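Colleague:
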Amino acid sequence: MAKLEHVIETLQGLTGETFDSVYDLFFSEKRMIVAVVLHPSDLIDKYQRSDPLTSVFLGNALRSREIKLQSAKLIEERRIAFKTKNLDEILTMHKANMEIDYENIISVSIRKRFLTSHLIFEVQRNPKKKITFSLKKSQIVEAEKVINGILPSKFVKAS
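Counted the way my numbering counts, the sequence shown spans residues 212 to 370.
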């Protein structure tokens with residue numbers, strides 16, 4: 212019987228290549244699951260649907276508010292669903308979710324900059340690939356603690 216994996220640590224609310232891509236990272240004994248919490252494709256109908264008359268008189272404020280509310284609702288729904296799923300089920304919840312086995316991680320670093328910081332995973336692929344997440348200042352200490360605890364030999368202290 213296969214040993215059931217457990218989530219050891221989680222990092223929530225990391226952004227991807229665009230501000231409207233939000234991810235939670237789940238760390239187990241042997242792998243990391245990158246789970247989409249919010250993806251631009253989730254709201255494509257909201258971005259495309261607009262009433263020209265409303266836009267003329269009110270601008271896009273109403274649509275923007277509607278998108279923010281829908282985004283918050285979707286994030287909450289997904290996080291609630293994550294709590295009832297195992298890692299393999301989380302992996303299948305969105306087509307953009309992915310898993311990274313720790314043995315395929317070459318290094319992990321956190322680059323701190325004035326306006327934004329990044330959590331960078333260098334992964335063995337053909338060719339090597341870097342997977343980058345943006346961090347808020349308030350997330351840096353937690354990210355350092357989690358990475359140093361899970362992958363201490365692969366954590367490269369960067370400035």
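Just so it is clear, CB atoms sit at the ideal spot from N, CA and C, and this is done for glycine as well.
Just so it is clear, the structure is predicted and the values come from calculations on it, not from any experiment.
To which residues does DSSP link Thr226 through a beta bridge?
Modeller: For Thr226, which the question treats as bridged, DSSP gives the partners Val233 and Ser345.
Colleague: With which residues is Ser320 paired in a DSSP beta bridge?
Modeller: According to DSSP, Ser320 bridges with Ile331 and Val367.
Colleague: When you compare only the Cα positions, how much space is there between Gly227 and Glu333?
Modeller: Each residue's alpha carbon lies about 15 Å from the other.
Colleague: In the DSSP output, which residue or residues are listed as bridge partners for Ala246?
Modeller: BP columns for Ala246 point to Asp235.
Colleague: Is it true that the segment 334-352 meets the segment 221-236, where meeting means three or more beta-carbon pairs spaced less than 8 Å apart?
Modeller: The answer is yes - the segment 221-236 touches the segment 334-352, with three or more Cβ pairs under 8 Å.
Colleague: Please state whether DSSP places Glu216 in a helix, a strand or coil.
Modeller: Residue state, collapsed to three classes: coil.
Colleague: Would a C-beta distance cut-off of 8 Å place Ile331 and Val319 closer than the cut-off?
Modeller: Against a cut-off of 8 Å, the Cβ pair of Val319 and Ile331 comes out as a contact.
Colleague: In its own chain, which residues sit with a C-beta less than 7 Å from the C-beta of Arg242, not counting the 5 before and 5 after it?
Modeller: Only Glu310, Ile311, Asp312 and Tyr313 meet the Cβ criterion.
Colleague: Within a Cβ cutoff of 7 Å, which residues of the same chain sit near Asn315, ignoring the five residues on either side of it in sequence?
Modeller: Same-chain partners within the cutoff: Val334 and Gln335.
Colleague: Should His217 be labelled buried (16 or more other beta-carbon atoms within 10 Å of its own) or exposed?
Modeller: It is exposed - the Cβ of His217 has fewer than 16 other Cβ atoms within 10 Å.
Colleague: Pick out whichever of Ile317, Gly360, Glu355 and Leu302 has its Cα sitting closest to the Cα of His329.
Modeller: Looking at the Cα atoms, Glu355 is the closest of the given residues.
Colleague: Check the C-beta distance from Ile286 over to Leu249 and give it rounded, since I have them as a contact under 8 Å.
Modeller: Rounded, the Cβ-Cβ distance is 5 Å, consistent with contact.
Colleague: Kindly provide the ranges of any beta strand (DSSP E) runs that are 3 or more residues long and lie completely inside the segment 269-309, ordered along the chain.
Modeller: The qualifying runs do not exist here; there are none.
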